[in-house]
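Q: This is the structure, below, for whatever I ask next.
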Ligand SMILES: Cc1cc2nc3c(=O)[nH]c(=O)nc-3n(C[C@H](O)[C@H](O)[C@H](O)COP(=O)(O)O)c2cc1C
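Residue numbers (my numbering): 256 to 470.
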């Protein structure tokens, strides 16, 4: 058994790297934002990081658990009684707003081929609130914003959201009057109807997974 403590000078917390050499599996407890030290330790000792334990229950605590899980394929574990505790009031409001719905339609403009960072940040700020829910995409811009929508589809994967196939792309040239007043054509309206129908159907279909999920 290998045990290492790693101190985070900036936050005044500690994390732990615990590895079982026989099975070749390591666990990281409360990883800091910079996950390289854990990956180096795993390489050095020839083990793989299979699990991440998070004991900081306030979910807006700066933690590397998501980054480490993405980099290694490890599973993240929190205690089932932990619940969602956030440190900041604005996160609590955002969390309860999102938690209250079973599906979403994200409406996004496109800037320089991407979704606005503020929207990406709002998505990344939460995690379990999005899980096992459906999402539809409506984008707009001079080119219709299809790349912003594609970017949001990528983000919806790790957030465990099911992005429906249909989407609506609105061009400022053809679906707006004077580039400002929305005037969708019949095709855009039909796409919106299909998108909404899919979001509703998939949100309902995912209800058993939401009911079964333990946070
Ligand atoms: C700096 C800048 C970059 C833009 N890049 C894109 C783009 O890559 N694709 C697109 O479809 N529209 C692009 N647009 C057009 C915007 O999407 C459009 O102005 C839209 O109305 C902005 O929405 P908002 O005013 O709700 O933020 C860009 C506009 C600006 C000012």
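Cβ coordinates follow ideal geometry from the N, Cα and C atoms, glycine included.
Given the structure is predicted, the values throughout are model-derived calculations rather than measurements.
Say yes only if the C-beta of residue 366 is nearer than 7 Å to one or more non-hydrogen atoms of ligand 1, and no if none qualify.
A: It does: the Cβ of residue 366 is within 7 Å (strictly closer) of some heavy atom of ligand 1.
Q: For residue 296, which residues of its own chain have a beta-carbon under 7 Å away from its beta-carbon, when the five flanking residues on both sides are left out?
A: So the list reads 259, 272, once near-sequence residues are dropped.
Q: What's the call for residue 403, buried or exposed, on a 16-neighbour Cβ count within 10 Å?
A: So residue 403 counts as buried.
Q: Which same chain residues end up closer than 6 Å to residue 414 when comparing Cβ atoms and leaving out the 5 residues on each side of it in sequence?
A: So the list reads 385, once near-sequence residues are dropped.
Q: Kindly list the residues whose CB is nearer than 7 Å to the CB of residue 362, restricted to its own chain and excluding five residues on each side of it in sequence; keep chain order.
A: Hits under 7 Å: 393.
Q: The beta strand (DSSP E) that contains residue 280, what's its start and end?
A: Segment 280-284, the beta strand (DSSP E) holding residue 280.
Q: Nearest to residue 282 by alpha carbon, out of 308, 354, 265?
A: That would be 308, whose Cα lies nearest to the Cα of residue 282.
Q: Based on the DSSP secondary-structure assignment, which residues constitute the bridge partners of residue 426?
A: Answer is 396.
Q: Alpha carbons only, please: which of 317, 324, 421 is nearest the one belonging to residue 268?
A: Ranking the options by Cα distance to residue 268, first place goes to 317.
Q: Considering residue 306, what are the terminal residues of the beta strand (DSSP E) in which it resides?
A: Looking at the DSSP string, the run of the beta strand (DSSP E) that includes residue 306 is 303-308.
Q: Kindly indicate which residue of 277, 422, 325 has the alpha-carbon position closest to the one of residue 444.
A: Closest by alpha carbon: 422.
Q: Closer than 7 Å: is that where the CB of residue 418 sits relative to any heavy atom of ligand 1?
A: No; taking the cut-off as 7 Å, the Cβ of residue 418 has no heavy atom of ligand 1 nearer than that.
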